[in-house]
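Asks:
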Amino acid sequence: MQRKSLVKAALTALTLAVSYSTAVFAGNPVLKIGFVGVTSGPAASWGISNQRSMETRAAWINETGGYTIGATTYDIEIVSFDDQKDPKRAIAGMEKMVQQGIHYVVGPNVDDGAAAVRPVAEAKGVMYFPYAFPKSLYVAPASNAILGMVANYQSGPAIYRYLMDEKNVKTVAFVAANESDPLSQRIGGIAAAEALGMKVVSSNVTYQVDTTDFTPVLTPVMRTRPDLLVLSGVSPANAPQLIRSARELGFEGVISTETAQDAGVLAEGAGDLANGFISVGGASTPALASPMMKEFVARYTEMFGEYNDESNTKVYALEYILETLKADPAAINDVESFKATMDVFEAPNPYMNGDATLRYVGISSFGQRRQISIPLVVNVYQDGVFETLFVGEVD
Amino acid sequence: MEQILANGVYLGSQYAMIALGLTLIFALMNVLNFAHGQMYVIGGFVTYTVYGQWGVPFILALVMSCITLAIIGALIERFLFAPVIKGSAREESTMLLAAGIAFFLDAVILLVFGEKQRGVPKIIDGVFNYDFLIIMPYDRILICVLAILSIVSFIGLMQYTKTGRALRALAQDRTAAQLMGVNVDRHSMIGFAFGAMLAGLVGGLLVTITGVNLGMGGPTSIKAFMMVMIGGAGVISGAIWGGIILGFMEAIGLALLYEYGDITYLLIFLSLMIFLAFRPQGLMGKPWG
C-alpha cells in the first residue's frame, strides 16, 4: 500500500513537472532588451533608476499577457550589465548584449561609456539610448545613439534664463569634477551663461571624483561671491556634500545643476541645507502624470520599496523602443528599418495627460532625430521632496 | 592662510587615522591590506544604520562600528591571512588575498547596504566663523578633536599596555617575540582586529561629514597607501606624519592652485615619486619600534 502511494506521488510529481515545462515552452517568445549602465559607485542612482524602471515596466507587461508586435506577443526580458562607470566595462557590456542577439540597449549613463560603445553598436547593429550629452554621438555620421533625456545645453539655458528673470541672478560660478562628463557640461554651461549675459566669476575649480570633503574645494569659489553656484554634471553622491559645504561656508545664493538628483540622498546628506537646490527632474509632475504613470510609480515602489523621481524620465526609453517596434515589426532584427521609422514615428504618450505624443526629436540640436521627446521638468528641492519649478520643451 | 591651516589640521587628522590601521597591520604581519578602504566603508555604513536609521546615540553607533570591524578583522586574520602566511612564503600570496577580500567586501557592502550614497544627521549644528578668516563647521571641529584624541589614545595603548608592548615586539621581530613568550598567533589576530577597528572608527566618525557609499573603499585605500609611503611603511609615527603632510598638501594645493584646474593631486603624486626616488623607505625609515 505504501509502495502504491509512493508510485502515485512520483507519477503526480512527474505529471506536474511535465505540465510546468510544457507551459513554459508554450509561453510567449521572449524579446530581450539590454541595459548597460552604472549601478554601483557614486553615480549608481542614475543607472539603478534605469534598470529598475525597465524591470518594473517589463514585469508589468509580462503580467498582463505580453507585448504584441506584429502578429507575435512577446514577454519582455531585461538583460542588465553594470559598467561601473568604466568605459572598458561598458564595451564588454555592449559585446555581451551582441552575443545575446540584442539589438536595443538602454544606456550607458555617462559620456565616456557612451562614446566607448559606439564602434561596437555601429558595427554589430545595436541601437542604444545613452544618457550622455556629447553631440558627436547624435550628429551624423553617428546614427545608432538616441539621447534618452534632455541635455544640459538644452536645460541649462532654460534654468539660467529663469533664474535671471525670477531671482535677479547676475553672476555665476561653476564647479565640476575632474572627469569628462562634468567638464564638458561645465564648458556648455559657461557658454550658455555667457550667451545670456551672465558674468562668470569662477570657472576653474575642479575636484577629484573621490573627494569626500568639499570645504577646501569650495573655499576659493565662495570668495568670488556668486549669485548662482552651478554644480556641473554633479553625481548624486557628491551633490549633498557640495551643497552642505557651500552653505556651511556661508553661501546664500542659488545652487543648481543640470543633472538629475535623488531627493532621498539629498535629504540624508544635506538635510535642510539642500532646500532651494535646483536640478533637472524626472519627466513628469503631478499635473502631467497620467493614470498609467501613476500606476508605474506604484508598481515601481512596490517592487523596490522606494521611488526615484528620475525614473519619470527613465521609464521612457523602453516604451520608445517597444512602441517603435510595434510601428515597424521588421525592425526587431533590423536597426536600419528602426532608423527609417524614427523619422515618421508618432504614438500617444501613455505617461502624460492630454494629447502628448511619443516622437523622436533633435533636429535643431543634432540635425537628425536622435533624441526622445520628453518634457523638460526643472525641480527645486524642499524639505525632503522635489517640487516642480517649471516645465519646458525641447527639440 | 588661517583657513589653509585649519583645513590642513582637519584633513591631516582624519587622514592620519585612516593610515594608522593600515600601517599597524603592515607592521605586524607584513600584509598590504588592500581591503582597508572597504573596512572603512563598512564602519561608515554600520554607523549610518545604527545612528542614522535606528536612532541610537552616535557614540554607541561608533562603538558598534568598532566592534563590528574588530570582529571582521579577527575573522579575516584567523581564517584567511593566518593560513596563507603559514602556507606560503611568497609575499604576493597575501597581497592577492587582500585584493580578493577587497572585492568580496565590495560585493557584500552592495548586497547589504545598497549602492546609494548615504548620510546621517549632523551630530552638532552651527559654524565657527572667525571674522571670515577661519570658517569651520562645529561638527568638523568635533570630529577633528575626536580623531586627535583617538590617535593619542592609540599611541598610549601601544606604549603603555601589555598588549601594546606585545604588538610592538611582534612588529620588531616575530621570532624574538615568540621566544620572549608572546603568543604570536593570538597577538597577530588582536593586531589585525585592532587595525580593522581603527578603519571602522574613522569610517564611523567621517560618515557624519562625508556620508558613505560603496565606491569610497578603493580611493580610501589608495590615499592610505600614499600616507604610509610618505611616512614609512609599518611606522606608527610615520603614518601620522604621512596623514598630516598629505592633509596639508591637499589644503594648500586646493587653496592656491585652483586657478590652474585640478592639478593638486597631480603635483602631490609627482612630489611623492620624486621623494620616494630619494628616500624609498619614507620619512620615518625602517619598521617601527
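So the sequence lines, in the order shown, correspond to chains A and B.
Taking our numbering, I'd label the letters of the first sequence as residues 5 to 399.
Taking our numbering, I'd label the letters of the second sequence as residues 1044 to 1332.
Here a beta-carbon is modelled for each residue, glycine too, at the ideal position from N, C-alpha and C.
Of all the residues that make up the region 181 to 197 of chain A, which are near chain B by a beta-carbon distance shorter than 7 Å?
Replies: 182
Asks: Sorted by chain position, which residues of the same chain lie with C-beta nearer than 7 Å to residue 1275 of chain B's C-beta, five sequence neighbours on each side aside?
Replies: The residue given as residue 1275 of chain B occupies position 232 in the second sequence. For residue 1275 of chain B, where only same-chain residues beyond five positions count, the Cβ hits under 7 Å are 1281, 1324, 1325, 1326, 1327, 1328.
Asks: Where does residue 1172 of chain B sit, in a helix, a strand or coil, going by DSSP?
Replies: Counted from its first residue, the second sequence places residue 1172 of chain B at position 129. Residue 1172 of chain B falls in the strand class under three-state DSSP.
Asks: Within 10 angstroms of the Cβ of residue 1065 of chain B, are there 16 or more other Cβ atoms? Answer buried if so, exposed if not.
Replies: Here residue 1065 of chain B corresponds to residue number 22 of the second sequence, with the count starting at 1. So residue 1065 of chain B ends up on the buried side.
Asks: Give me, in chain order, the residues of the same chain whose beta-carbon lies closer than 8 Å to that of residue 1185 of chain B; leave out the 5 immediate sequence neighbours on both sides.
Replies: Stepping through the second sequence from its first residue, residue 1185 of chain B is reached at position 142. So the qualifying residues of the chain are 1166, 1167.
Asks: Can you check whether the C-beta of residue 221 of chain A is within less than 7 Å of a C-beta belonging to chain B?
Replies: Residue numbering aside, residue 221 of chain A sits at position 217 when the first sequence is read from its first letter. Yes, residue 221 of chain A counts as interfacial toward chain B.
Asks: Specify, as a first and last residue, the run of the alpha helix (DSSP H) that residue 1117 of chain B falls within.
Replies: Within the second sequence, residue 1117 of chain B is the residue found at index 74, counting from 1. That run of the alpha helix (DSSP H) goes 1101 to 1119.
Asks: Do we get a CB-CB distance below 7 Å when we pair residue 1044 of chain B with the residues of chain A?
Replies: Translated into the one-based positions of the second sequence, residue 1044 of chain B becomes position 1. So, not an interface residue.
Asks: For residue 80 of chain A, collect the residues of the same chain with a Cβ closer than 7 Å to its Cβ; drop the 5 residues on either side in sequence, then sort them by chain order.
Replies: For the purposes of this step, residue 80 of chain A is identified with residue 76 of the first sequence, where counting begins at 1. Excluding sequence neighbours, residue 80 of chain A sits near 35, 37, 62, 65, 66, 71.
Asks: Using a beta-carbon distance below 7 Å, is residue 1279 of chain B in contact with chain A?
Replies: Position 236 of the second sequence holds residue 1279 of chain B. No - not a single Cβ of chain A is within 7 Å of the one on residue 1279 of chain B.
Asks: Where residue 1082 of chain B and residue 1239 of chain B are concerned, what is the direct C-alpha to C-alpha distance, given to the nearest angstrom?
Replies: Here residue 1082 of chain B refers to the residue found at position 39 when the second sequence is read from its first residue. Here residue 1239 of chain B refers to the residue found at position 196 when the second sequence is read from its first residue. For residue 1082 of chain B and residue 1239 of chain B, the distance between alpha carbons rounds to 6 Å.
Asks: Which of the residues in the region 1145 to 1160 of chain B, read from start to end, lie with their CB under 9 Å from any CB of chain A?
Replies: 1149, 1153, 1157, 1158, 1159, 1160
Asks: By the criterion of Cβ-Cβ separation under 9 Å, what are the contact partners of residue 244 of chain A in chain B?
Replies: Counting from 1 along the first sequence, the entry for residue 244 of chain A is found at position 240. In chain order: 1160, 1162, 1254.
Asks: Within 7 Å (strictly less), CB to CB, does residue 1178 of chain B reach chain A?
Replies: The residue labelled residue 1178 of chain B in the question sits at position 135 within the second sequence. True, the Cβ-Cβ gap to chain A drops below 7 Å.
Asks: Given a limit of 8 Å on CB to CB distance, which residues of the region 46 to 60 of chain A reach chain B?
Replies: 46, 48, 49, 52
Asks: Using alpha carbons as the reference points, say which of A:285, A:227, A:267, A:56 lies closest to residue 278 of chain A.
Replies: On the first sequence, residue 278 of chain A is found 274 positions in, with the first residue counted as 1. With distances taken between Cα atoms, residue 278 of chain A lies closest to A:267.
Asks: Output, in chain order, the set of chain B residues within a Cβ distance shorter than 9 Å of residue 386 of chain A.
Replies: What you label residue 386 of chain A is simply residue 382 of the first sequence in a count that begins at 1. Here the premise fails: no neighbours, minimum Cβ distance about 18 Å.
Asks: Helix, strand or coil: how does DSSP classify residue 356 of chain A here?
Replies: To locate residue 356 of chain A, count along the first sequence from 1; it is residue 352. Collapsing the DSSP output to three states places residue 356 of chain A in a strand.
Asks: For residue 159 of chain A, is the classification buried or exposed, using 16 other Cβ atoms within 10 angstroms of its Cβ as the cut-off for buried?
Replies: Translated into the one-based positions of the first sequence, residue 159 of chain A becomes position 155. Answer is buried; the Cβ neighbour count reaches 16.
Asks: Cβ of residue 253 of chain A less than 7 Å from any chain B Cβ?
Replies: The residue you call residue 253 of chain A lines up with position 249 of the first sequence. Taking a beta-carbon distance threshold of 7 Å, residue 253 of chain A counts as an interface residue toward chain B.
Asks: Mind checking the region 1291 to 1306 of chain B against chain A and listing, in chain order, the residues whose C-beta falls within less than 8 Å of any C-beta there?
Replies: Cβ contacts with chain A: 1293, 1294, 1297, 1298, 1301, 1302, 1303, 1304, 1305.
Asks: Here's a check: name, in chain order, each residue in its chain whose Cβ is nearer than 8 Å to the Cβ of residue 271 of chain A, leaving out the five neighbours to either side.
Replies: Indexing the first sequence from 1 puts residue 271 of chain A at position 267. The residues are 278, 388.
Asks: Could you tell me whether any Cβ in chain B is nearer than 7 Å to the Cβ of residue 389 of chain A?
Replies: Residue 389 of chain A sits at position 385 when you count from the first residue of the first sequence. For residue 389 of chain A, the answer is no, since every Cβ of chain B falls outside 7 Å of its Cβ.
Asks: Hey, how far is the Cα of residue 294 of chain A from the Cα of residue 137 of chain A?
Replies: Numbered from 1 along the first sequence, position 290 holds the residue referred to as residue 294 of chain A. Numbered from 1 along the first sequence, position 133 holds the residue referred to as residue 137 of chain A. If you take the alpha carbons of residue 294 of chain A and residue 137 of chain A, they lie about 28 Å apart.
Asks: Give, in chain order, every unbroken run of the alpha helix (DSSP H) that is at least 4 residues long and sits entirely within the region 274 to 313 of chain A.
Replies: 295 to 308
Asks: How would you write the range of the alpha helix (DSSP H) that residue 1149 of chain B sits in, first residue to last?
Replies: By 1-based counting over the second sequence, the position of residue 1149 of chain B is 106. Per DSSP, residue 1149 of chain B belongs to the alpha helix (DSSP H) from 1134 to 1156.
Asks: State yes or no: is the beta carbon of residue 41 of chain A nearer than 7 Å to at least one beta carbon in chain B?
Replies: Locating residue 41 of chain A in the first sequence gives position 37, counting from the first residue. Under the 7 Å criterion on CB atoms, residue 41 of chain A is classed as non-interfacial with respect to chain B.
Asks: Measuring alpha carbon to alpha carbon, tell me which residue in B:1246, B:1169, B:1299 is nearest residue 1181 of chain B.
Replies: Taking the first residue of the second sequence as position 1, residue 1181 of chain B is located at position 138. Among B:1246, B:1169, B:1299, the Cα nearest to that of residue 1181 of chain B is on B:1169.
Asks: Opposite residue 394 of chain A in the DSSP bridges: which residues?
Replies: In the first sequence, residue 394 of chain A corresponds to position 390, counting from 1. Answer is A:382, bridged to residue 394 of chain A.
Asks: Exposed or buried, what is residue 1223 of chain B when buried is set at 16 or more other beta-carbons lying within 10 Å of its beta-carbon?
Replies: Position 180 of the second sequence holds residue 1223 of chain B. By the neighbour-count rule (16 or more Cβ atoms within 10 Å), residue 1223 of chain B is not buried but exposed.
Asks: Going along the chain, which unbroken runs of the alpha helix (DSSP H) with 4 or more residues stay wholly within the region 64 to 124 of chain A?
Replies: 91 to 103
Asks: Identify which residue in A:47, A:283, A:205 has its Cα closest to the Cα of residue 384 of chain A.
Replies: Residue mapping note: residue 384 of chain A aligns to position 380 of the first sequence, counting from 1. Nearest C-alpha to residue 384 of chain A: A:283.
Asks: Mind pulling the chain A residues with CB within less than 8 Å of residue 1308 of chain B?
Replies: By one-based count along the second sequence, residue 1308 of chain B stands at place 265. What residue 1308 of chain B touches in chain A: 212.
Asks: Could you run through the region 103 to 117 of chain A and flag, in chain order, every residue whose CB is less than 7 Å away from some CB of chain B?
Replies: none
Asks: Leaving out the 5 sequence neighbours to the left and right, which residues in its chain are closer than 7 Å to residue 347 of chain A when beta-carbon positions are compared?
Replies: Looking up residue 347 of chain A in the first sequence gives position 343. Closer than 7 Å at the Cβ level, and outside the excluded window around residue 347 of chain A, lie 373.
Asks: Is it true that the CB of residue 206 of chain A sits closer than 7 Å to the CB of residue 181 of chain A?
Replies: Within the first sequence, the letter at position 177 stands for residue 181 of chain A. Within the first sequence, the letter at position 202 stands for residue 206 of chain A. No.
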